[in-house]
Structures are given as C-alpha cells and as structure tokens.
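A.B. asks:
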Amino acid sequence: MKTILLSVVALFATISTLSAQKIKGTVANADGSAAGFATVMLYNTADSALVKGAITDDNGQYEFEQIPSGHYFINVQLLGSGNGAAPVFDYNGGDKIIEKVTLRENTEELTQVTVVARRPLVEVRADKTVLNVEGNLNSQGQNALELLRKAPGVVVDNNDNITLKGKNAV
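Okay, so the sequence shown: first residue is 685 according to this note's numbering, each after it adds one.
And the structure:
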C-alpha cells in the first residue's frame, strides 16, 4: 500500500513539474498594439534547429510547453507587419517569461506592378463548355480533333466519332 501511495505522489509531482515548464511572451506591432496570429518560432542556438512553433492569440501572447533546458532564441513573423526577434536566452526549466517582441515595420515600396492573368483551360458556362487553347503550349501544332481528345468530357473514338458526356449527336 505504501508503494502505491508513493508511486501516486511521485506521478503527481512529475506531472506538476512538467505542467510548470513553460516559456511565455507577448508580441506587439510597431505601433504597440497586440500582434494577434503572429508566427513565433523557438530555435536552438547551438544548431539553429527549430524546436517548436506557436501562433499568438488575439492579445499577442504565446506559450511553449515541455521545452528541454538549453540556449534558445525566438523569431517572430507576421504577414504584412514585419519581423521581430527576442535575444538569446538560457532556459533551465520552470516558467520563463520572455521580454516583449516588437515587430519592425515592413515598408517596401514597389516601383512597378505587373498583373498577369490567364483564362482557365476549361470554362463551364450555362449553355456551353469552352476549351481555351490559345495560351496552352500543348495546343501548338495540333489540329482540332487532337485537342478534343484532351478535352474533359469529350471522347473521340478510333473512327474519329465525337461523343460528349454520353451524347452521340455532336
């Protein structure tokens, strides 16, 4: 009975120790507001290997659990806002609160923007299906019958008879 009681106490002590091992911190935008949904990455200083990743909550807070002792650094990224980093720190277990990471403002100015659009290969309309072949590299040097063989929903048999989704009269 004493052995079981001692085992249960040791188990609870281990669980409480593991649950207390957290690295916490907050991330703020350049204007000081909370940076929600930023990507926070914990790296090992020795080999720059990614140890764990987290996403900040609405208040810009993040948390890493069950991290082994060691030397670490943190990088933070937020699409549209910029990047930030926390200095290298030692972690020896227990709770560790990292100083607030403030994201640098990302101000890249484009000199020129080019928008390129292509029609989809197949357009399904209410009354017809259109196969756009003008921009398709596979269509060069082929006749209409060869292109129809590649079209979805079209079957061309050995006698060059065309069937469209089960309809013979095409």
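For each residue, glycine too, the CB sits at the ideal point set by N, CA and C.
Since Asp-742 and Ala-718 should fall inside the 8 Å C-beta cutoff, what is the C-beta to C-beta distance between them, to a whole number of angstroms?
C.D. replies: For the purposes of this step, residue 742 is identified with residue 58 of the sequence shown, where counting begins at 1. For the purposes of this step, residue 718 is identified with residue 34 of the sequence shown, where counting begins at 1. Yes, Asp-742 and Ala-718 are in contact; Cβ-Cβ is about 7 Å, under 8 Å.
A.B. asks: In three-state DSSP terms, what is Glu-789?
C.D. replies: Position 105 of the sequence shown, counted from the first residue, corresponds to residue 789. In the structure shown, Glu-789 sits in coil (DSSP, three-state: anything other than H, G, I, E or B).
A.B. asks: Ile-781 to Lys-708, Cα distance in whole Å?
C.D. replies: What you label residue 781 is simply residue 97 of the sequence shown in a count that begins at 1. What you label residue 708 is simply residue 24 of the sequence shown in a count that begins at 1. Approximately 5 Å, taken between the alpha carbons.
A.B. asks: For Leu-787 and Asn-767, which I take to be in contact (beta-carbon distance under 8 Å), what is that distance rounded to the nearest angstrom?
C.D. replies: Reading the sequence shown from its first residue, position 103 is the one you call residue 787. Reading the sequence shown from its first residue, position 83 is the one you call residue 767. Leu-787 to Asn-767, Cβ: 7 Å. Contact.
A.B. asks: Would you kindly check if the distance between the Cβ of Ser-753 and the Cβ of Tyr-775 is under 8 Å?
C.D. replies: The count along the sequence shown starts at 1 and reaches residue 775 at position 91. The count along the sequence shown starts at 1 and reaches residue 753 at position 69. Their beta carbons are under 8 Å apart, which means Tyr-775 touches Ser-753 by this criterion.
A.B. asks: Give a yes or no on whether the C-beta atoms belonging to Phe-757 and Thr-740 are separated by under 8 Å.
C.D. replies: On the sequence shown, residue 757 is found 73 positions in, with the first residue counted as 1. On the sequence shown, residue 740 is found 56 positions in, with the first residue counted as 1. Not in contact: Phe-757 and Thr-740 (Cβ atoms no closer than 8 Å).
A.B. asks: Might you give, ordered along the chain, the residues of its own chain that have their beta carbon closer than 6 Å to the beta carbon of Leu-832, omitting 5 neighbours on each side?
C.D. replies: Within the sequence shown, numbered from 1, the residue matching residue 832 stands at position 148. Hits under 6 Å: Val-838, Val-840.
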